[in-house]
Structure formats: structure tokens, C-alpha cells
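Remarks on the structure that follows.
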Amino acid sequence: MNNLTKRKRLQLAFLLGSLTLLGPFTIDTYLPSFPTIVNEFDTTASLVQISLTTCLLGLGLGQLIIGPMSDVQGRRKPLCMFLILYLIASVTCAFAPNIYFFITSRFIQGFAAAGGLVISRAVVRDVYSGRELTKFFALLMLINNLGPIAAPIIGGSILAVTDWTGVFLVLACIGIVLFLIAARKLEETLPQEKRTPSNFYQILKNFGSLLKNRQFIGYALTQGFIIAGIFAYVSGTPFVYQNIYGVSPQVFSLLFGMNGIALMIGSQVVGRYTDFISEKTFLKIGLLTSNLSGAVLLLALFLKAPLLAVVVPIFFLVSSLGVIATTSFSLAMETQGHIAGSASALLGLLPFILGSLAAPLVGIAGEHTAVPMGMVIFSASFLAFIAYYGLVRKATFPLKTTRYGKEL
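Numbered per my numbering, the sequence shown spans residues 3 to 410.
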């Protein structure tokens, strides 16, 4: 399948990109509803943020289970099964009687959404390798990054015509559509002879080999810490923008969606120029950008600077995620084709575990201060820097060269 025509390649990217959209839509669509949900359940901002935390935990743990399952059963069957579960969980969220039932339902919803994330990445590795893997993943990211643009805008638009429950009914409809697409259009990419044995010991052995691989874990932690910082931004900005800076849900949605453009820019620069500049060089540029942006953001929030001084560094911070996520995924997966589902699961698990820990910290000092959000974001960027230079750079591996014979 590595010799797909351009048309087939675009069709596959659109199909897999649509499946990965389930993640950002599940996370981002209800963000403009945060203040409304606080009032609806007569609860606190921290408890509503915990509903995001449980969703992230579900997304992470779901990948840990669904990834190895897809190595055993193939990609198509587990995907369809978990899309049905997603539909049920979305309806349950809409009709939750209290905040605790809502939090539990969000965990199940996140767990089910993990199927689209982990299996789509495993399919990419089934089909591509090398720089073609990087290029295709950049194309996939282009579609995937439409989620952070569209999801909060859709959420804000839904709130303009109905209440927050409508957001989750729309997500249920998205689940139906994706199930029909997967059932009718997705071909099985993992033939029977390439599947791993249905053996719990073998699954543990696969994860053990990944955890012992210093280079793989270095890339996974680098990506994980950066995404944890982004989840802190996702959790904190609904209150920072709306409660501190006084913007409307619709303006918040536009500001939030604008950062989806930043993600697209970052990932597409990598995809376009990876023939000339190595993935490692792009990764270093992304880490430098994220740390500088995080430092400027923290200073702006500490000084209570105007909104523009907050929006600009966040834009560059999110653009660095597009660079780091694309390159770290490709470099980590390059040698893991034999256990792509398990490797994809572990790459997906760490960001959501770290993100679930980071998200509640931004509200630890209440709804009317943004400094904790800035501290978490900067700390996450710095830890990603340490993970790369402390693990990946010290691991022994041959240099990857450009077409000019040297690493840039």
C-alpha cells in the first residue's frame, strides 16, 4: 500500500483524519460550556475541570487497551466496536443528573474516543515508513488540526441556540457518522499473518521492550510533556479569557480556534521541508520555540498584561506543538512497525496521563488568576526539553541524514 496514488493517499488521509478528529472534538467542543456547566450543576470550576481530566484519562487508558487489541484482532473490528460505545457515552453525558455522573460519563466517552486516535496512527504505520511516514503524518495532522479550530466554534455556536446538553448530542451524531464511515470505507491494513498472538504475556513483553528503549521513551516523554502543557492551556483559557478578560463564549471560540491554525502551520512546515531539514532539527526548533513562548506567557500573566500579550505567545506555543508532535511521532514509530498498535498506544497514553495531571492544576488558585496556568505551561515545556536532551540525545543511534548527506 506504500505505492498509493495521490487520490487514494488523500482519501486515506481524510478517512484517518476524520477518525482522529474524535479526540479534539471530544475535548474541545464543550469548553465554551464550562461556566454554564458550573451553574447548571451548582458546582465548582475545579470539578468541571476534573471532567476534562477524567476524559483525558479515558483517552489515555483506552489507547493502552485498544492499541494492543488492534495488534491482535486487526484495526477495523475494534474501531467499530468502540465507536458504538462512544455514541452511548455521549448521550449519557447529555442527560447526566449530577456532576459526578457527568464526570464518570466523560471518562467512558474519552475511553471510547481513544479507538479513533490509536488505530488511525497504527494504520499509518501499517502503510508507510521512513520519510513517507513523516510526510503522511503531517498530512494527517493538517486534517486533525481542523478539530481545535472547528470544535470550540461549533461548541460556541451550539450554545447560541441551545444549552450545553446539545453539545453532547452533536457529539453523539458525529459518533454515528464516523461509525458508518469506518464500517463502509476502512479496509483492514493488518493481515492475519502479521498480527501478534492473543497472549497477555506477549502484550506485556511488547510494552516492556518499548519501556526499555531509551530513545523511544525519550521521544514519548518529549511529546507527552508538551501536550500536557497544551492541555493546561485548554483547561485554563475558558476561565482566563471569559472570567478574567471578559470575552464572550463566541469570542473565546474564535481565539481558541485561531490556535488550530498555529497547529496546522507547525505540522505543514515539517511535512513540506522534511526532505531538506531533518526531523531532529525540526524537533529542536520546536522545543526552543515552546520554551521561549512559555516564558513570555508566564511573564505576561504575572504582570497582568493585556489580552494581546497573552494571545500571541500562546499562538507560538501551539505552533510548536505542531512541529514537535509530527516529528516525535515519526521518529519514535520508525523502528516499531512490528508492534505499531502497542507503540501508538504508549505514545498516546503518556500525553493524556500527563495532561490529566496538569489540567486541574491551572484552577488550583481559583477562577480569577491565570498565573498557575502560565507556570504549568512553562514547566511542561522545560520538562520536554530535558526529556529530549537527557534521553534521546544520549541514546546511541546512527544519525539520520538529509539528502545532502548531513544532519542539519
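Glycine included, C-beta positions come from ideal geometry on N, C-alpha and C.
Here the C-alpha atom of Phe113 lies approximately 33 Å from the C-alpha atom of Ile287. For Glu190, there is no enclosing alpha helix (DSSP H), as DSSP marks it with neither H nor E. In the structure shown, the three-state DSSP call for Ala98 is coil. Contact between the stretch 198-214 and the stretch 276-290 is not established, with fewer than three Cβ pairs separated by less than 8 Å. For Leu171, the closest alpha carbon among the candidates Ala185, Tyr32, Asn208 and Arg127 is that of Tyr32. Membership of Gly62 in the alpha helix (DSSP H) is indicated by the continuous run Ala47 to Gln75. Where Ser292 is concerned, the enclosing alpha helix (DSSP H) starts and stops at Glu281 to Phe304. For the pair Ile267 and Gly324, the CB atoms are nearer than the 8 Å cut-off.
Boundaries of the alpha helix (DSSP H) around Glu42: Phe36 to Glu42. Taking the Cα of Thr45 as reference, the smallest distance to any Cα among Asn100, Thr56, Val313 and Leu305 is reached at Asn100.
In the structure shown, Leu23 falls within a coil segment according to DSSP collapsed to helix, strand and coil.
At least 8 Å separates the beta-carbon of Asn245 from that of Ser383. The stretch 117-135 and the stretch 230-246 do not touch, with fewer than three beta-carbon pairs separated by less than 8 Å. When rounded, the separation of the alpha-carbon atoms in Ser237 and Gln51 is 7 Å. When DSSP states are grouped into helix, strand and coil, Val249 belongs to the coil group. If only uninterrupted beta strand (DSSP E) runs of at least 3 residues are considered, none is enclosed by the stretch 324-396. Excluding residues up to 5 positions away in sequence, Pro150, Ile316, Phe317 and Val320 lie with their Cβ nearer than 7 Å to the Cβ of Asn261 in the same chain. When the beta-carbon positions are compared, Leu85 and Phe181 come within less than 8 Å of each other.
Using a Cβ distance threshold of 8 Å, Ser269 and Met143 count as a contacting pair.
In this structure Arg186 is not in contact with Gly76, their Cβ atoms being roughly 16 Å apart against a cut-off of 8 Å.
Secondary structure of Arg197 (DSSP, three-state): coil. With a 10 Å radius around the Cβ and a threshold of 16 neighbouring Cβ atoms, Ser255 comes out buried. A distance below 7 Å between beta-carbons, with the five flanking residues on each side excluded, links Leu18 to the following residues of its chain, in chain order: Ser122, Val125, Val126 and Leu142. By the 16-neighbour rule on beta-carbons within 10 angstroms, Ala162 is exposed. A straight line joining the alpha-carbon of Val312 with that of Ala302 spans about 6 Å. Rounded to the nearest whole angstrom, the C-alpha separation of Tyr130 and Leu305 is 48 Å.
For Gln244, no alpha helix (DSSP H) segment is defined, and its DSSP state is neither H nor E. A distance below 8 Å separates the beta carbons of Ser35 and Val169. Under the rule that a run must span 4 or more residues, the alpha helix (DSSP H) segments found entirely inside the stretch 86-169 read 101-129, 132-146 and 148-163. Where Leu33 is concerned, there is no enclosing alpha helix (DSSP H), because DSSP gives it neither an H nor an E. Shortest Cα-Cα distance from Phe209 to any of Gly220, Ser346 and Gly296 involves Ser346.
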